[in-house]
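There are 2 protein chains.
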Amino acid sequence: MDIELYMQTLGRQARTASADMARAATRAKNKALSELARLLLEAGDPLKLANDQDIAAALAAGLAAPMVDRLRLTDEIIATMAEGCEQLAAMPDPIGEITNVKRQPSGISVGQMRVPLGVFGMIYESRPNVTIEAASLAIKSGNACILRGGSEAIQSNLALWQLVRQALTSAGLPAEAVQMVETIDRAAVGALITMPSHVDVIIPRGGKGLIERISKEAKVPVIKHLDGNCHTYIDAEVNIEQALVVTDNAKTQKYSPCNATESLLVHAAAAAAFLPRIGAIFAAKGVEMRCDPGSRAILGSVAGATVTEATEEDWSTEYLAPVISVKVVADLDAAIAHINRYSSHHTDAILTTNHPNAMRFLREVDSSSVMVNASTRFADGFEYGLGAEIGISTDKIHARGPVGLEGLTSQKWIVLGDGHIRR
Amino acid sequence: MDIELYMQTLGRQARTASADMARAATRAKNKALSELARLLLEAGDPLKLANDQDIAAALAAGLAAPMVDRLRLTDEIIATMAEGCEQLAAMPDPIGEITNVKRQPSGISVGQMRVPLGVFGMIYESRPNVTIEAASLAIKSGNACILRGGSEAIQSNLALWQLVRQALTSAGLPAEAVQMVETIDRAAVGALITMPSHVDVIIPRGGKGLIERISKEAKVPVIKHLDGNCHTYIDAEVNIEQALVVTDNAKTQKYSPCNATESLLVHAAAAAAFLPRIGAIFAAKGVEMRCDPGSRAILGSVAGATVTEATEEDWSTEYLAPVISVKVVADLDAAIAHINRYSSHHTDAILTTNHPNAMRFLREVDSSSVMVNASTRFADGFEYGLGAEIGISTDKIHARGPVGLEGLTSQKWIVLGDGHIRR
Chain A
5 MDIELYMQTL
15 GRQARTASAD
25 MARAATRAKN
35 KALSELARLL
45 LEAGDPLKLA
55 NDQDIAAALA
65 AGLAAPMVDR
75 LRLTDEIIAT
85 MAEGCEQLAA
95 MPDPIGEITN
105 VKRQPSGISV
115 GQMRVPLGVF
125 GMIYESRPNV
135 TIEAASLAIK
145 SGNACILRGG
155 SEAIQSNLAL
165 WQLVRQALTS
175 AGLPAEAVQM
185 VETIDRAAVG
195 ALITMPSHVD
205 VIIPRGGKGL
215 IERISKEAKV
225 PVIKHLDGNC
235 HTYIDAEVNI
245 EQALVVTDNA
255 KTQKYSPCNA
265 TESLLVHAAA
275 AAAFLPRIGA
285 IFAAKGVEMR
295 CDPGSRAILG
305 SVAGATVTEA
315 TEEDWSTEYL
325 APVISVKVVA
335 DLDAAIAHIN
345 RYSSHHTDAI
355 LTTNHPNAMR
365 FLREVDSSSV
375 MVNASTRFAD
385 GFEYGLGAEI
395 GISTDKIHAR
405 GPVGLEGLTS
415 QKWIVLGDGH
425 IRR
Chain B
5 MDIELYMQTL
15 GRQARTASAD
25 MARAATRAKN
35 KALSELARLL
45 LEAGDPLKLA
55 NDQDIAAALA
65 AGLAAPMVDR
75 LRLTDEIIAT
85 MAEGCEQLAA
95 MPDPIGEITN
105 VKRQPSGISV
115 GQMRVPLGVF
125 GMIYESRPNV
135 TIEAASLAIK
145 SGNACILRGG
155 SEAIQSNLAL
165 WQLVRQALTS
175 AGLPAEAVQM
185 VETIDRAAVG
195 ALITMPSHVD
205 VIIPRGGKGL
215 IERISKEAKV
225 PVIKHLDGNC
235 HTYIDAEVNI
245 EQALVVTDNA
255 KTQKYSPCNA
265 TESLLVHAAA
275 AAAFLPRIGA
285 IFAAKGVEMR
295 CDPGSRAILG
305 SVAGATVTEA
315 TEEDWSTEYL
325 APVISVKVVA
335 DLDAAIAHIN
345 RYSSHHTDAI
355 LTTNHPNAMR
365 FLREVDSSSV
375 MVNASTRFAD
385 GFEYGLGAEI
395 GISTDKIHAR
405 GPVGLEGLTS
415 QKWIVLGDGH
425 IRR
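So the protein sequences, as listed, match chains A and B.
Heads up: the first sequence begins at 5 in the numbering used here, then just goes up one per residue.
Heads up: the second sequence begins at 5 in the numbering used here, then just goes up one per residue.
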C-alpha cells in the first residue's frame, strides 16, 4: 500500500466533500446527527463485537488495566455519545451567521459571515468515543474531517465510522465528509499533517509527547492542547470556609483531568488560618503536599500529612495524581508572577473577597481560563455552554481554552454595495 | 556578533515588556501614540538625513526607480503616519473588553476577555512607514513587537524607531515594547521565526517568495498574506452601466494593489451586452485582455484592443499590471466553481441584481472578502473601518482578510463564581 498516495486520495475526497458540507442545509446536518444518535443506540452486537476485539487484543498485548478500561464502549458510554449528537442537532447552526454589518463612510456595508474552516485532521489516542465527538462536531460545523484514532481502538473506531457514513448518506450528505485512516501505519500521520492543500488544521488529542511531535512536524496549523498545570490562589481577604470547599474540589474531585489544580498558592496573611485546615483535608484523602519552606513550616505539623520539600521542577509539574505543590506568597503580585511563570496557561483561579484583586487577577493572569471563586475543574466545553468540545487549546492564536463549534469556524468579510467604487 | 544570542536577548526583553504592555493603562498607550505623532511631525532634518542615506545607497546599488520611490519619506507620507497614530489613539481600547458573560446551569458566569497576543515579530520589505504602522498597532493592542525591516531602509527604520522609543518612554511605557533588529544579517530572520518561547506570531509583509519561505521555516504561527488573484463576476441579471463603472474601477483605479481585479468572469447571457463596452474601456487604457475562446470571439473585434489567448496559468495569475484574464461562464455555478478553484481566496465580487444569486455567491465563494456590487479595491482595513491594518490574511485560521487591532488580540475565558464547585 502506497501510504502517501492513499492519504492524498483521502485528502482530495475530504476537500471535495467540504464544499458540499459548507453549503449543506441546517436541516440536513441535523438529520444526520439525529440519525447517528439512533444508529448508535441501535448498533447492538456488531459494535460490541468490534469493541471486544480491541479489548481482547489490548489484554493480549498486556496493556495496563486503566488503558483497557478507556477502550470499553459500555451501554452508558454509547448512550452518552448518542445524547451528544442529539444535543448538537438541537443547537443553532453557527454557519452563515452574519454579524457586525456596518455602513462605512464610502457607503459600502461591511460585516462578517461565519464559515467552516474546511477540512480538519484529528489525531487521537485510545477512547473510541472521540470518533463520534469529532464526527458530530464536523457535521454540525459544516467541515469535512479525516480521523486517525489509536491503533488499540481500530476495530471500534471502524465500526463507529460505518454508522457515521450511514447517517451522512441517509441525510443526503457526502459520506466522505467524515473519513477514517484505515491503516495503523504511522506514516499516515506524517502524511496527514503535511498536506496543506487538503487539510486546513490539525487537532491532536493525546499525551504531551504526541502533541509536541505533531506540532514540530506539521506543515498546517495545529490547535494544541499541551498540559494543564492549574493553580488555585488563596488571597489575603478570603472566605476561608468557601476556599476550603473550592480548593478541595479543584484538587480532589478527580485527579486525572487536565483542569484539576496542581499547585496551591496562599497569601502569607491567610496561611495560618487556611493551610492547617486544607492540609488536614488533603491528609485525609492521601494527597501528598510538596511545599516551599513557608508552607512546610505550617503543613509539617498536620497530623497524618505527607509533606515533602518542593523542587524547582514541582512548580511546573502536572501531576494528574494525588499530589499538589504548595507555596506561601507575599502578595497578589507574587502570586500573579508565579502563575505567569510556571502555569501552562490552561486554567488558574483566585479565591478572594477583594474586588480590585479579583479584577487584577482576571486581567493579568495570562491563561486560557481565569476564574474567581470557582473550582478550576469547571474549565470544560460543556460547563462553558459550548455544547461539545473538540479539545482545549493552550494556544493563543485562533482558539483559546475549550474549543467547540465556533473554534471549527472562521469569519469571512462580506461587503454589500450598490455600484460603489473606490475613489 | 552572535546573532542567536542577540535575538534571544531581544526575545527575552520583548517578553518582559509584553507583560507591562498587557496591563498598561489605555491613557498611557494613547499618550504614547499622540506623542509619536508629534515627534514624527517635528522630526525634521535628522529623519530626512537618515532617509537620504537609504536613498543614496539604493541609487548607488542601482535599484529600480519604483523601488527607490517606495523608500522615500516625503512630508506627505510623514503626515499620513502621524495621522494614523492619532487615529489609533482616538479608537476604543480593544484590551480588557468583556463579552458574552452568561450564567450557566451550574451557577457560574462564563464570558470572554480580550487580551493581547503577547509578542509579534514583523518582517517587511522596503516601505519604512510600515515601521510606524506596526509600532503603533503594537502599542494600542498592548503587544510587544520585534521589527525586522528591509536592509534597503535600515537607516530610515532606525531613525523612526528612535522616535517610537522616545514616545514609549515619555508615556511611562517600556522602550522594549517595540524593538528593532539592528543588523541586516539574514540569520536574524531565521532566529526570529524559531523562538516560540519569546515570539507568539510572525507577520510577514512582502513578496510571495519571502512569505512562503517564512511559512515553511517558522516554528510559530504565521499570519500569511499570499497573493491577491481577485475576481469580478458579471451575472446574467445585472445593471450594465453600474457593472462597467465597478469593473473599470476594480481593474484600473490602481494596478499594483493586491485587491485589484485580475480576472473577469461574465455570464454568457450578459457577454454580448457587457464585453464589447468593457473591452473598449480597457483598450483605451491599454489593458491587455487574456481571453478564453468565448470572450475572445467578442473582444477580438473591439477596436484597438490587445486580446490574446489565455493559458491555464493565466487563471491563477496575479498580474499587478494592466493585464486581465477574461472568461465567459455558463452560469453562477460555473463562476463559483472557477473562483473557488483559481482564486487566491483574497477578494472576489459578484455584480448582479438577482438577490438569490447574490446570497449564494456570498455564502459559497470561499474567500476572505466576498462582495456584492462593489469594487474589489475596497478590501482594505481602513475601508472596513478597522482604523489601521497590519496586513491582509489569506489564511482561515485566527484572522481572515484585513487584520487590524482585533487580529493582534486573543480572547481568554473568564469564570465568575461564588464558591462554586464541580459536581
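Even for Gly, the Cβ is constructed at its ideal location relative to N, Cα and C.
Chain A contact for B:Asn358 (CB, 9 angstroms cutoff): no
Straight-line gap, B:Thr251 to B:Leu355 (C-alpha atoms, nearest Å): 9 angstroms
Selection of the segment 210-225 of chain B by Cβ proximity to chain A, strictly under 7 angstroms: Pro225
Same chain, Cβ closer than 6 angstroms to B:Phe365, five either side skipped, listed in chain order: Ile354
Alpha-carbon spacing of A:Met293 relative to A:Ala195, whole angstroms: 44 angstroms
Exposure of B:Lys55, with buried meaning 16 or more beta-carbon neighbours within 10 Å: Checking the displayed sequence, the identity of residue 55 of chain B turns out to be Asn instead of Lys. B:Asn55 should be labelled buried.
Closer than 9 angstroms to chain A by CB, B:Gln108: yes
Close-in-space but distant-in-sequence residues of the same chain around B:Val332 (CB under 6 angstroms, 5 per side omitted): Val270, Ala272, Ala275, Gly298 and Ser299
Where B:Val105 meets chain A, residues with beta-carbon distance less than 7 angstroms: Near B:Val105 there are no residues of chain A at all, since even the closest Cβ is about 11 angstroms away, more than 7 angstroms.
Whole-angstrom distance between B:Asp318 and B:His342, CA atom to CA atom: 13 angstroms
Proximal residues to B:Ala334 (C-beta, below 7 angstroms), its chain only, five neighbours per side dropped: Ala272
Identified DSSP bridge partners for A:Ile328: A:Met293
Counted within 10 angstroms of its Cβ, other Cβ atoms place A:Leu390 as buried (16 or more) or exposed: buried
Spatial distance of A:Glu266 from A:Ser320 (CA atoms): 9 angstroms
Those runs of the alpha helix (DSSP H) which lie wholly inside the segment 58-86 of chain A and span at least 4 residues: 69-75
Status (buried if at least 16 other CB within 10 Å, exposed otherwise) for B:Val119: buried
Contact check, B:Ala148 vs B:Met25, beta carbons under 9 angstroms: yes
B:Gly146 (DSSP reduced to helix, strand or coil): coil
DSSP three-state assignment for B:Gly298, whether helix, strand or coil: helix
N- and C-terminal bounds of the beta strand (DSSP E) containing A:Thr251: Premise fails: A:Thr251 lies in the alpha helix (DSSP H), Ile244 to Thr256, not in any beta strand (DSSP E).
Cβ-based neighbour list, B:Tyr259, same chain, cut-off 8 angstroms, excluding 5 preceding and 5 following: Tyr323, Leu324, Ala325 and Pro326
CB-CB length for A:Tyr388 against B:Gln108, believed under 8 angstroms: 7 angstroms
Cβ-Cβ distance between A:Gly88 and A:Ser160 below 9 angstroms: no
CB contact below 9 angstroms: B:Ala353 versus chain A: yes
Chain-ordered neighbours of A:Arg19 on chain B, where CB pairs are closer than 8 angstroms: Correct list: empty, because the minimum Cβ distance to chain B is about 10 angstroms.
Limits of the alpha helix (DSSP H) - the one that B:Ala362 falls within: His359 to Glu368
Within chain B, partners of A:Ile425 - CB distance below 9 angstroms: Val249, Val250, Asp252, Asn253, Ala254, Gln257, Ala378, Ser379, Arg381 and Phe382
Beta-carbon neighbours of A:Gln246, restricted to chain B and to distances below 9 angstroms: Asp422 and Gly423
Alpha carbon of B:Asp337 to alpha carbon of B:Ile112, nearest angstrom: 48 angstroms
Presumed contact (8 angstroms Cβ cut-off) between B:Val203 and B:Val123, rounded CB distance: 5 angstroms
Distance, A:Arg131 Cα to A:Arg76 Cα: 8 angstroms
Opening and closing residue of the beta strand (DSSP E) in which A:Val182 lies: Val182 to Met184
Within 9 angstroms, strictly: CB atoms of B:Ala18 and B:Gln183: yes
Chain B within 9 angstroms of A:Ser130, Cβ atoms only: no
Coarse secondary structure for B:Tyr10, derived from DSSP in three states: helix
Supposed close pair A:Ile206, A:Ala222 - CB separation, criterion 8 angstroms: 5 angstroms
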